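Encoded as structure tokens, the structure appears first; notes follow it.
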Amino acid sequence: MIGTVSGAAFRPDPADTRSVWEIYGFLANPRSTGAPLCAANAADELPYGFNVTNYLPERAAQTPVTFAGLTCASCHSGRIRKGDGTLGPIIDGMGNPELDVIAFSEAVRGAILDPSLTAERILDAYAAQCADDAPGLVGGLIERVLIAGWLDGFRAAVADGVGRYDLPVPPAALKTAEGVAAGPGRTRPFRSVVRTTLELPGIENYAFSKIPAVFEQRTDLRPRSQFDGSIADPVVRSFIAAYASGATPLALSKPEVAHTVRAAAAYTETLGIATPLPRFVDTFPDAAPAPDAVTAGFDAYRSACGTCHGHRDPATGAWVAEGAQLHRFLPVDEIGTDPERVRFPHGPLLPLSLWTALPGWGTELAAQQARLEGAKTAALAANRPAEAWLWQAQADRLARSARQFRLGHPLAFPECTGATCACAAEQGAPGRETCTLTAELAYFTNPIPSVWLRAPYLHNGAVPTLRQLLNLDDRPARFCRGANPYDPVGIGYTAPAPGLTGCPAAMPFVFDTAARGNSNAGHDYPFTRDEIMADPGKAAQAEAILAYLKSF
Numbered sequence: 002m003i004g005t006v007s008g009a010a011f012r013p014d015p016a017d018t019r020s021v022w023e024i025y026g027f028l029a030n031p032r033s034t035g036a037p038l039c040a041a042n043a044a045d046e047l048p049y050g051f052n053v054t055n056y057l058p059e060r061a062a063q064t065p066v067t068f069a070g071l072t073c074a075s076c077h078s079g080r081i082r083k084g085d086g087t088l089g090p091i092i093d094g095m096g097n098p099e100l101d102v103i104a105f106s107e108a109v110r111g112a113i114l115d116p117s118l119t120a121e122r123i124l125d126a127y128a129a130q131c132a133d134d135a136p137g138l139v140g141g142l143i144e145r146v147l148i149a150g151w152l153d154g155f156r157a158a159v160a161d162g163v164g165r166y167d168l169p170v171p172p173a174a175l176k177t178a179e180g181v182a183a184g185p186g187r188t189r190p191f192r193s194v195v196r197t198t199l200e201l202p203g204i205e206n207y208a209f210s211k212i213p214a215v216f217e218q219r220t221d222l223r224p225r226s227q228f229d230g231s232i233a234d235p236v237v238r239s240f241i242a243a244y245a246s247g248a249t250p251l252a253l254s255k256p257e258v259a260h261t262v263r264a265a266a267a268y269t270e271t272l273g274i275a276t277p278l279p280r281f282v283d284t285f286p287d288a289a290p291a292p293d294a295v296t297a298g299f300d301a302y303r304s305a306c307g308t309c310h311g312h313r314d315p316a317t318g319a320w321v322a323e324g325a326q327l328h329r330f331l332p333v334d335e336i337g338t339d340p341e342r343v344r345f346p347h348g349p350l351l352p353l354s355l356w357t358a359l360p361g362w363g364t365e366l367a368a369q370q371a372r373l374e375g376a377k378t379a380a381l382a383a384n385r386p387a388e389a390w391l392w393q394a395q396a397d398r399l400a401r402s403a404r405q406f407r408l409g410h411p412l413a414f415p416e417c418t419g420a421t422c423a424c425a426a427e428q429g430a431p432g433r434e435t436c437t438l439t440a441e442l443a444y445f446t447n448p449i450p451s452v453w454l455r456a457p458y459l460h461n462g463a464v465p466t467l468r469q470l471l472n473l474d475d476r477p478a479r480f481c482r483g484a485n486p487y488d489p490v491g492i493g494y495t496a497p498a499p500g501l502t503g504c505p506a507a508m509p510f511v512f513d514t515a516a517r518g519n520s521n522a523g524h525d526y527p528f529t530r531d532e533i534m535a536d537p538g539k540a541a542q543a544e545a546i547l548a549y550l551k552s553f
């Protein structure tokens, strides 16, 4: 229906004849036969990672109408595009480097606000496309009422946000950095969290994040997730992802929905361990390193990189989580990478706000209420009355939610997760930490298994290849992003510089590292570019590390 009813809202270039799904980088469903999309075959014809359900969005009430929505796999699955344009198999857990999810969501907002979009138009277009799926007179009336009600509610919610978040980006600007600054393969997660949790606009938030890989998330390997280590529980991570994407506490309270959140988190803990991932050497056998280079590279890697990231055991293939600097908050000024990811406005307020978004029960609820009262008192003592008002509003929200979920929300999480958990009272920052959630001005050192599937590099995707990250090549200042072919030599993506007329049609987004949030500086390990250029021995060591990282 997107292509027929609201197609213009989704097409930055009216002459582009590709499907809407292809324009925004969604993965084609392997089960698709190319048949017209109808309710009966939606699970096969919608892109990979879409979910088909009869639950009404927001309230999760069952209806006769079929709805579709994104799941974790929409963003956290990808394919390797080779130089000849062919695509490899879908790899679960890999961040989709081509998905322009923010641009797509802006197009959805624009389409929903279209005054000419009605339930009648939707159903008439559906009847023309799916003539064999006629619901009958009574069923048709029920569908019209339900879709009209859903559309009115959705439109009202979008319209209510216009005053806080501005008008949707117009179609012509959807694939430009001026219109949607994130671009393909990236999100602005904390802008969404600030808007959803604190109900603040999220302006001046340039905390860009590439869509991360989510394999081998087992807590002994990765005790804290996110690039900043801000979450200490996989289920909480999955809850926040769903909540920031628009799932309501009511919908998340449904037993089957809560079960799905927990199951998705558990799947990522063993993905890549119980479920193997493809290896670089099998995908690109012609680029496989020589065995002696791998041996030399292993020693160089353990010396230079293993201290922060651990290493892959060459005998067992298991990732070994050991290293003096592993699982440590590395201050942003020390690592030197773009600081926006940890210094965005309102960041310190999020841990407490997120923790109290879902009410606990009994002593847990009392702890939530006490922390909010303490945060309000601390804000008043620091002469921050507006912040005190915000914590009071959060306390009022918690009270309403506690009445709705009288035995606590099924996804509510405790303040502390371990006997030695140190909480915010010791840090003097009432909103800053709940132990499960933190807001440090640092990036967290974690393992990097299957590093070849993590391109582009740095948390904001500002470095296209691993070769550039190791400073063996110059890091490009401006490059094109979109449907980039994989570069097996550099380990990453072929990302040409924009020409006089811009970027190729397949890679239309101009990534400018001079723009706020896009810095490609920092993480000069083991050597800076100047050191590599001046010392052949250091260059050889970095080449050896690259060879080792190609071996799995």
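In our numbering, each number is its position in the sequence shown, counted from 1, plus 1. Each residue gets a CB set at the ideal place from its N, CA and C atoms; glycine is no exception. Keep in mind it's a predicted model, so treat the numbers as computed, not measured.
**Request:** Taking only the alpha-carbon atoms, compute the straight-line gap between phenylalanine 345 and asparagine 519 and give it to the nearest angstrom.
**Result:** 14 Å
**Prompt:** What is the C-beta distance between tyrosine 244 and alanine 358, in whole angstroms, given that I count them as a contact (C-beta under 8 Å)?
**Reply:** 7 Å
**Item:** alanine 120 to aspartate 221 span [Cα, whole Å]
**Value:** 50 Å
**Opposing strand residues paired with serine 210 [DSSP bridges]** = Thr188
**Message:** Taking only three categories from DSSP, how would you classify cysteine 73?
**Reply:** helix
**Request:** Return the bridge partner residues of alanine 413 from the DSSP annotation.
**Result:** None; alanine 413 has no bridge partner.
**Request:** Within the segment 66 to 132, note down every full alpha helix (DSSP H) run reaching 4 residues or more, in order along the chain.
**Result:** 73 to 76, 102 to 113 and 120 to 130
**Prompt:** What is the DSSP secondary structure of aspartate 45, counted as helix, strand or coil?
**Reply:** helix
**Item:** Cβ neighbours of tyrosine 25 in the same chain (closer than 6 Å, five flanking residues each side left out)
**Value:** Asp101 and Phe105
**Request:** Have a look at proline 505 and isoleucine 492 and give me their C-alpha separation to the nearest angstrom.
**Result:** 21 Å
**Message:** If contact is defined by three or more beta carbon pairs under 8 Å, each pair taking one atom from either stretch, is the segment 531 to 547 in contact with the segment 464 to 483?
**Reply:** yes
**Prompt:** What's the C-alpha gap between proline 1 and isoleucine 204?
**Reply:** The displayed coordinates of the chain run from 2 to 553. Any statement about residue 1 would go beyond what the structure contains.
**Request:** Verify the CB distance criterion: does arginine 196 have a CB-CB separation below 8 Å to chain C?
**Result:** Although the question refers to chain C, the structure presented lacks it and comprises just one protein chain.
**Request:** Could you tell me the distance, in whole angstroms, from the CA atom of phenylalanine 11 to the CA atom of leucine 408?
**Result:** 43 Å
**leucine 201 to aspartate 167 span [Cα, whole Å]** = 12 Å
**Prompt:** In whole angstroms, what is the alpha-carbon distance linking threonine 197 and cysteine 309?
**Reply:** 34 Å
**Request:** Take arginine 192 as the anchor and find which of Ala376, Arg165, Gly307 and Pro457 has the nearest alpha-carbon.
**Result:** Arg165
**Message:** Using CA atoms only, rank isn't needed, just tell me which of Ser75, Lys211, Val6 and His260 is closest to alanine 129.
**Reply:** Val6
**Request:** Pick helix, strand or coil for cysteine 481, following the three-state DSSP scheme.
**Result:** strand
**Request:** Count the other C-beta atoms from every protein chain shown that fall within 10 angstroms of the C-beta of asparagine 521, then say buried if there are 16 or more, exposed otherwise.
**Result:** buried
**Asked** Rounded to a whole number of angstroms, what is the C-alpha to C-alpha distance between valine 21 and glutamine 326?
**Response** 45 Å
**Message:** Can you list, in chain order, the residues of its chain with a C-beta nearer than 8 Å to that of serine 402? Leave out the 5 residues immediately preceding and following it.
**Reply:** Pro250, Ala358, Leu359, Pro360 and His410
**Asked** Three or more C-beta pairs closer than 8 Å, one from the segment 56 to 66 and one from the segment 250 to 264: is that the case here?
**Response** yes
**Prompt:** For serine 193, which of helix, strand or coil comes out of DSSP?
**Reply:** helix
**Asked** Going by DSSP, which residues form a beta bridge with leucine 438?
**Response** Ile232
**Where the alpha helix (DSSP H) containing tyrosine 302 begins and where it ends** = 292 to 305
**Prompt:** Is the beta carbon of threonine 269 sitting closer than 8 Å to the one on valine 215?
**Reply:** yes
**Assigned exposure category for glycine 483 - 16 Cβ within 10 Å defines buried** = buried
**Assigned exposure category for lysine 551 - 16 Cβ within 10 Å defines buried** = buried
**Request:** Output the distance between the C-alpha atoms of alanine 540 and valine 109, rounded to the nearest integer angstrom.
**Result:** 48 Å
**Request:** Go through its chain and collect everything with a Cβ distance to tyrosine 207's Cβ below 6 Å, but skip five positions before and after it.
**Result:** Glu341, Arg517 and Gly518
**Asked** If you check the beta carbons only, do serine 226 and arginine 238 fall under 8 Å apart?
**Response** yes
**Request:** Just the C-alpha distance for alanine 305 and phenylalanine 528, rounded to the nearest angstrom, thanks.
**Result:** 9 Å
**Asked** Under a three-way DSSP split, which group does glutamine 469 fall into?
**Response** helix
**Prompt:** Under 7 Å from any heavy atom of the ligand HEM, does the C-beta of glutamine 542 make it?
**Reply:** In the structure shown, the ligand HEM is absent, as is every other ligand, since no ligand is present at all.
**Prompt:** Is the Cβ-Cβ distance between isoleucine 123 and phenylalanine 155 less than 8 Å?
**Reply:** no
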